[in-house]
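For reference, the structure discussed in these notes is given below.
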Amino acid sequence: MRSLLIIFCVVLIAAFFVVETEQTPQLSVPGGRPPMVGGNRCTFGPAFWCASPQNAQLCGQGAVDHCNRVGFSG
């Protein structure tokens, strides 16, 4: 019975480490380098989106809808 409890604990701990490893975010892109901060200008938000209709289009329909509501600044 004691050995069964030990085996159960080992399996439980191993399962925890597998789940923990799968949930760890990947901070690199193919090629091994981390993504460049500011590399995606759409993450700059409405200041970038609404500077021009082209920027809004580049960033997707949500950005276009937002800028149509609040107005383009460019």
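Residues -21 to -1, 1 to 53 (mature numbering (1 follows the signal peptide of the UniProt record, and there is no 0)) are what the sequence shown spells out, left to right.
Using N, Cα and C, we set each Cβ at its ideal position, and we do this for glycine too.
Predicted, not measured: the structure shown is a model, and the values here were computed from it.
How would you call residue i, buried or exposed, if buried means at least 16 neighbouring beta carbons within 10 angstroms?
i: residue 26; result: exposed
i: residue -13; result: exposed
i: residue 47; result: exposed
i: residue -8; result: exposed
So, with DSSP's three-state summary, where would you put residue i?
i: residue 30; result: coil
i: residue 20; result: helix
i: residue 51; result: coil
i: residue -20; result: helix
Alpha carbon to alpha carbon, how far is residue i from residue j?
i: residue 13; j: residue -17; result: 43 Å
i: residue 19; j: residue 29; result: 15 Å
i: residue 42; j: residue 15; result: 22 Å
i: residue 17; j: residue 24; result: 11 Å
i: residue 21; j: residue 49; result: 17 Å
i: residue -11; j: residue 11; result: 32 Å
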